[in-house]
Each structure stands twice: as structure tokens, then as C-alpha cells.
Amino acid sequence: MKCCLRNTILSTTRRPVMARPKGFTLIELLVVIAIIALLMAILTPVLSMARKQVQGTVCMAALKQWGLCYQLYAADYNSKLPFYIGGTVNTTYMQTLRPYYSDVNKMRTCPAATKVSTGNPTGLQARSYFGYTCNAWQIDVTQAAWMADTDWGIGSFGENSWIRDVLEPDGSRASSHVGKTWVTVDARNIKETPFIADARWNNAWPTSDHPAPASVAAEEQMYNIGNWSQMVCYVMRRHKDGVNVCFGDGTVRHVRAEELWSLRWNRESSRRDIGDALEWLKSGF
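When you line the sequence shown up against my numbering, it's residues 7 to 291, in that order.
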């Protein structure tokens, strides 16, 4: 009897006890969610900053390639820079430099401004639009007689047209531009001259006496058909506090928006300090 009782006790004590499964409590779930939210709050600005840095680097690389294209052109034409004849296809860097590049999609736009906005039409062609800080410009190639290449209707860089020798249709030099244009890569101070940069249109004729834009609510109020060729074409904070610029010696560097008036755009350029006139201008507008 004792033996049976002992066996019964042993069998009872050896029986495994099944633990009751335990889930997360509401408080524990809330803690996890709070931690995830905190991490997102910390990481989002960091990731955004990293993305913008990459965009700036890629933009500089593209501008560097355009600088090389200008150098190759000059090497083929006895150190001469492209010429400009109004009303013809010899007006844009896209067309003039076409023999020296092939990857249109990567070279034509800054990664921070690849999409076209229709908010600021030029009024010249049905589907031509000026660009914005974060948007590309577009030329209606079906209606613009000066656009020979249908591949090149969109971009976010703009050439400093003062680098070109401006000619009349008969080939003579335009008197209004004599002494101002750079014409050749051998010109004195050419290394300090902007060739191409982040811009709202494919070209402009900026000078240091152009006014700094006043505070506005929208970019189309600041830049439009009335002042398309002026300094404001480049005035933006696409990258940090300014834009990327390719100079005559092929170097590319970041330039604050306020410093654009201090650059040598043409041979007669004088440096100008605009102070805090652009204090209102926001990054990305």
C-alpha cells in the first residue's frame, strides 16, 4: 500500500506544468510604439540631410561634366567658346555641346529639380515653363525654332550667355556686346567666370547691377518673362544656402545666393555686396 502511494506521489510530482502564454500588455505596446516614434524622429532629419548631400554631390558631378564639354569644344575650335546667333539653334549649350555628351538624362538635370511644374509658363510656347528651386524648366521643342534636338526639352541648369561671342545673322559681332563677352577660354580671369549653374531657365545674361529680388509669396512672382535673363534666374537655395556653379577652369563649387552678385559674369562685371537683401529667401522656397 505504501509503495502504491509512493508511486502515485512521484507520478504526480513529475507531471510537467504547462505555463500559461503571456502576451504584451497595453503599457508595453505603448512603450514600444513610443521608442519607434522617437527613433523615427531622430533618424528622419538625418536621412533627409543625407539625401540632400547626395543630391548636391550628383549635381556637382553633372556640372563638372558640362565644364569638360566646354573644354573639349574649346580644344576643337582654337580656344574659342561657343557663339550665339539669336533666332537660330546656336543659342543653347544643349545643342552646341551635343557632340561631347551622350547621357542626356543624367546630365541635363540636378537631382533636386527633375520634375517640371506648369505653374510658371513662359508665354512663348504652349508647353514651355520656367523652373523653380525644386523643379526643372521645360521648353516646348515642337514650337521653339531654336531647339533642334527634341531630346532636350527639360533641364535645371542654365548657361551664362556672356561666355559666348554674340553674332548678328550675317556673322558680324553684335555691337551691344563688344567688350563684355568672354569669347575664349584664354581670356584673363576666365577661371573666375561662371559657365553654367543651377538655374530656372536654360540661359541668362546676369550682371551685378541687376536688383536683388524682393520678398514674395511664390517663385513665379519673383521670376517670369519680364526678368528671365537677369540674375534672379540663378537666385535660389537649391543646395543649402545657394547653388552649384561650374567655372571657366572646370572647377565646380557651391555659391551662396548672396554671393552671386560678386562673381565675374562678363568682362565688365563689378563685385557687389547685397548684404542681407535675401534674408527672406527660404531653402527650397
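Even for Gly, the Cβ is constructed at its ideal location relative to N, Cα and C. These numbers were taken from a predicted model, which means no experiment stands behind them.
Span separating the alpha-carbon of residue i from that of residue j
{"i": "ALA81", "j": "LEU45", "result": "54 Å"}
{"i": "GLY73", "j": "ASP282", "result": "31 Å"}
{"i": "ASN195", "j": "ARG114", "result": "27 Å"}
{"i": "THR97", "j": "VAL110", "result": "18 Å"}
{"i": "TYR83", "j": "ARG179", "result": "17 Å"}
{"i": "ILE160", "j": "ALA40", "result": "44 Å"}
{"i": "MET66", "j": "GLY164", "result": "14 Å"}
{"i": "LYS121", "j": "ALA132", "result": "18 Å"}
{"i": "ASN230", "j": "ALA68", "result": "26 Å"}
{"i": "ASP247", "j": "THR31", "result": "48 Å"}
{"i": "TYR99", "j": "PRO51", "result": "37 Å"}
{"i": "TRP286", "j": "ILE280", "result": "13 Å"}
{"i": "VAL184", "j": "ARG170", "result": "11 Å"}
Which listed residue (the options) has its alpha carbon closest to that of residue i
{"i": "ALA224", "options": "MET66, TYR138 and VAL122", "result": "TYR138"}
{"i": "VAL249", "options": "LEU266, ASP255, VAL222 and GLY256", "result": "LEU266"}
{"i": "TRP168", "options": "SER181, TRP188 and GLY232", "result": "TRP188"}
{"i": "PRO200", "options": "PHE253, GLU226, LEU69 and ILE33", "result": "PHE253"}
{"i": "GLN61", "options": "LYS70, PRO117, ALA43 and ILE145", "result": "PRO117"}
{"i": "GLY93", "options": "LYS70, ILE42, ALA193 and VAL172", "result": "VAL172"}
{"i": "VAL238", "options": "HIS260, ALA56 and ARG206", "result": "ARG206"}
Span of the beta strand (DSSP E), counted from its first residue to its last, around residue i
{"i": "GLU165", "result": "163-166"}
{"i": "TYR90", "result": "89-91"}
{"i": "PRO200", "result": "200-204"}
{"i": "LEU173", "result": "171-173"}
{"i": "GLY248", "result": "248-253"}
{"i": "HIS216", "result": "From DSSP, HIS216 is part of no beta strand (DSSP E); its letter is neither H nor E."}
{"i": "ARG270", "result": "Run containing ARG270: none; DSSP gives neither H nor E here."}
{"i": "HIS260", "result": "258-262"}
Residues near residue i in its chain [Cβ-Cβ closer than 6 Å; skip 5 each side]
{"i": "THR124", "result": "TYR135"}
{"i": "SER214", "result": "TRP267, SER275, SER276 and ARG278"}
{"i": "TYR107", "result": "CYS75 and MET113"}
{"i": "PRO127", "result": "TYR135"}
{"i": "VAL95", "result": "GLN101, TRP152 and ALA154"}
{"i": "LYS86", "result": "THR190"}
{"i": "VAL222", "result": "MET228"}
{"i": "ASN272", "result": "TRP168 and LYS186"}
{"i": "THR289", "result": "This sequence places Ser at residue 289; Thr is not what is there. Around SER289: ARG243."}
{"i": "PRO88", "result": "THR102 and ARG170"}
Expected contact under 8 Å - CB spacing of residue i and residue j to nearest Å
{"i": "ARG278", "j": "GLU198", "result": "The pair is not a contact, with the Cβ atoms about 15 Å apart (cut-off 8 Å)."}
{"i": "ALA220", "j": "GLN236", "result": "In fact, because the Cβ distance is near 13 Å, the residues do not count as touching under 8 Å."}
{"i": "PRO212", "j": "ASN166", "result": "7 Å"}
Residue i Cβ short of 7 Å to the ligand NAP heavy atom set
{"i": "TRP271", "result": "Of the ligands one can find in the structure shown there are none, so the ligand NAP has no counterpart to examine."}
Own chain residues within Cβ distance below 8 Å of residue i, not counting five before or after
{"i": "VAL37", "result": "none"}
{"i": "GLN77", "result": "VAL191 and GLY256"}
{"i": "ALA119", "result": "GLY137, TYR138, THR139, CYS140, ASN141, ALA142, SER162, ASP204 and ARG244"}
{"i": "LEU284", "result": "ALA218, PRO219, VAL241, ALA263 and GLU264"}
{"i": "GLU174", "result": "ILE91 and ALA180"}
{"i": "ALA150", "result": "LEU130, GLN131 and SER134"}
{"i": "ASN208", "result": "THR98, TYR99, MET100, TRP143, ILE145, GLY161, PHE163, GLY164 and GLU165"}
First and last residue of the uninterrupted alpha helix (DSSP H) at residue i
{"i": "SER227", "result": "One detail in the question is off: residue 227 reads as Gln in this sequence, not Ser. Per DSSP, GLN227 belongs to the alpha helix (DSSP H) from 225-228."}
{"i": "THR102", "result": "99-102"}
Sequence-distant residues of its chain with Cβ nearer than 7 Å to residue i (five each side left out)
{"i": "GLU226", "result": "GLY125 and ASN126"}
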